[in-house]
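Undergrad: Here the working numbering is used: the first residue of the sequence shown is 784, the next is one more, and so on.
All C-beta atoms in this analysis are idealised placements derived from N, C-alpha and C, irrespective of residue type, glycine included.
Structure below; questions to follow.
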Amino acid sequence: MSSAHRWERPSDRTCELIRTGAELLLAAPDAGLAQVDAVTLADVAPAIREDPGLVASIRRANRANLTHWLEANRHDPGMPVEPNLGPDTFGIARDLVRRGLDQNSLDAYRTGQNAAWRAWMAVAFTLTSDPGELAELLDVSARSVFGFVDETLAGIAVEVEREREHLTRGTQAERLEVVSLVLGGAPITAERAGRRLGYDLGQTHTAAIVFSDAADADPVALEEAAEALARHAGARRPLTVVASESALWTWIASGLDVHALPDALHGSGQVRVALGPTLPGIEGFRRSHR
């Protein structure tokens, strides 16, 4: 966290109280999460609230953020918590941009932050009745919570802009053209192709073909299945191109647990997935797709 150099470690007693509170909430997080989800979703625009995919993304991000902050305070209580910029959080950025929304739609997270703070205060008041201890506990916790949320939202806002640039830099047709050149072994360098695709071809890749045999394949269902694969693998930004009306080609910079795929794709309906091996570099990009 950028403010870490100005942060003084609280007293041992306060650290002990914070760790105890974090452990209590981690042991039974559902009640607090239900409150955060309820107030967050009540405060978002109708276009978001009526979109099941976005609602699911918000719930995942809420759980990831709350767990991230609590785990950090269990391991190193009372110290600044790094922003949560993992796949669930960045998934919100992708979902917003792909639905024509912007980071202003994240304002509801402030409402969720307040609900999380109320849940934390309720626990804090059970930990000590000493006024001095309680004052320090709440002061340190408030700076930690609000700083964490500020920096996490700032990171999401940056990712929203990156995602918008990534999506608008080239049309799907242009991306498919570049991918086809790479797959066909054309003399285009990994660096040049990667710049045009917004994807690092030098990393390790797992290719997937997400498709449907249905005559009227749902493009939204295909895209949601591709995003579910990326979340399952813990990948922040997969490369996905539209290969046809009923198929997407996706590359994920990580491996995938094949045995867990049914759970990852639960609810995807008639969508099917063909998965390639996990291989490195531009040659791995080609071979994994074959």
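Is the stretch 993 to 1001 touching the stretch 1050 to 1067 in the sense that three or more CB pairs, one from each, lie closer than 8 Å?
TA: Yes, they touch.
Undergrad: Look at the alpha carbon of threonine 1061 and the alpha carbon of glutamate 944, and state the distance between them as a whole number of angstroms.
TA: Their backbone Cα atoms lie some 29 Å apart in a straight line.
Undergrad: Could you spell out the range, first to last residue, of the alpha helix (DSSP H) harbouring alanine 850?
TA: Correcting the residue identity first, residue 850 is threonine in this sequence and not alanine. Looking at the DSSP string, the run of the alpha helix (DSSP H) that includes threonine 850 is 835 to 858.
Undergrad: Between threonine 935 and proline 866, how many whole angstroms is the CB-CB distance? I'm expecting something under 8 Å.
TA: That pair is a contact at about 4 Å.
Undergrad: In terms of residue numbering, what span does the alpha helix (DSSP H) encompassing proline 829 cover?
TA: That run of the alpha helix (DSSP H) goes 829 to 832.
Undergrad: For glycine 1059, which three-state DSSP category applies?
TA: Residue state, collapsed to three classes: strand.
Undergrad: Pop quiz: alanine 969 and isoleucine 1065 are said to be a contact at Cβ under 8 Å. What is the actual Cβ separation, rounded to whole angstroms?
TA: With a Cβ gap of about 11 Å, alanine 969 and isoleucine 1065 do not count as contacting.
Undergrad: Going by CA-CA distance only, name the one from Ala876, Pro812 and Phe931 that's closest to alanine 1077.
TA: There is simply no residue 1077 to check, as the chain begins at 784 and stops at 1073 in what is shown.
Undergrad: So does the stretch 837 to 851 actually touch the stretch 909 to 916, counting three or more Cβ pairs closer than 8 Å?
TA: Because the criterion of three Cβ pairs below 8 Å is not met, the stretch 837 to 851 and the stretch 909 to 916 do not touch.
Undergrad: Assign arginine 958 to buried or exposed, taking buried as 16 or more other Cβ atoms, counted over all protein chains shown, within 10 Å of its Cβ.
TA: With 16 or more other Cβ atoms within 10 Å, it is buried.
Undergrad: Can you check which of these residues, Leu889, Leu1012 and Glu791, is closest to valine 941 by C-alpha distance?
TA: Here the closest residue by C-alpha is Leu889.
Undergrad: Which of the three DSSP states is assigned to alanine 991 in this structure?
TA: Reduced to three states, the DSSP call for alanine 991 is strand.
Undergrad: Per the contact definition of three or more C-beta pairs closer than 8 Å, is the stretch 898 to 911 in contact with the stretch 815 to 822?
TA: These segments touch.
Undergrad: Less than 8 Å between C-beta atoms, sequence neighbours within five positions excluded: which residues of the same chain meet that for histidine 788?
TA: Note that histidine 788 has pLDDT 48, beneath the 50 cutoff, so the model's placement of it is unreliable and the number below is only indicative. Closer than 8 Å at the Cβ level, and outside the excluded window around histidine 788, lies no residue.
Undergrad: What did DSSP end up calling alanine 1004 once you bin it into helix, strand or coil?
TA: Alanine 1004: helix per DSSP, three-state reduction.
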